[in-house]
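With the first letter of the sequence shown counted as 1, position 61 gets the number 93 in the numbering used here; the numbers rise by one all the way through.
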Amino acid sequence: MSIEVEQALTGLADALKRTLADKDQQSNCQFQFTAYKQRRTQLQRAKDAVISVFDSLLDSLDAEFEGKPELKERIPPDVAKLGGA
């Protein structure tokens, strides 16, 4: 085999290796992005669930405190701001 052919084949093999490595890296990035999006969606759902629970608790407290101004006066001001009291 001539040196030119050998160099050409070596160059072609190197180019193919780089292409495959780029595709692997690209595939890995896509996989990581998909995993990130799924995890973010899970965390968003968990956050929404927690907020829903706290909203329900606040609604229950509001119902309990309705007509009882003496209880509302005992709520610290910073807590009252959070619940809209």
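Idealized CB from N, CA, C, for every residue including glycine.
| Query | Result |
| --- | --- |
| Buried/exposed call for alanine 117, threshold 16 Cβ in 10 Å | Note that alanine 117 has pLDDT 47, beneath the 50 cutoff, so the model's placement of it is unreliable and no number is given. |
| Simplified DSSP state of proline 101, which is helix, strand or coil | helix |
| Distance between lysine 79 and leucine 114 (C-alpha atoms, nearest Å) | 17 angstroms |
| Simplified DSSP state of serine 23, which is helix, strand or coil | Not covered by the structure: residue 23. The range shown for the chain is 33 to 117. |
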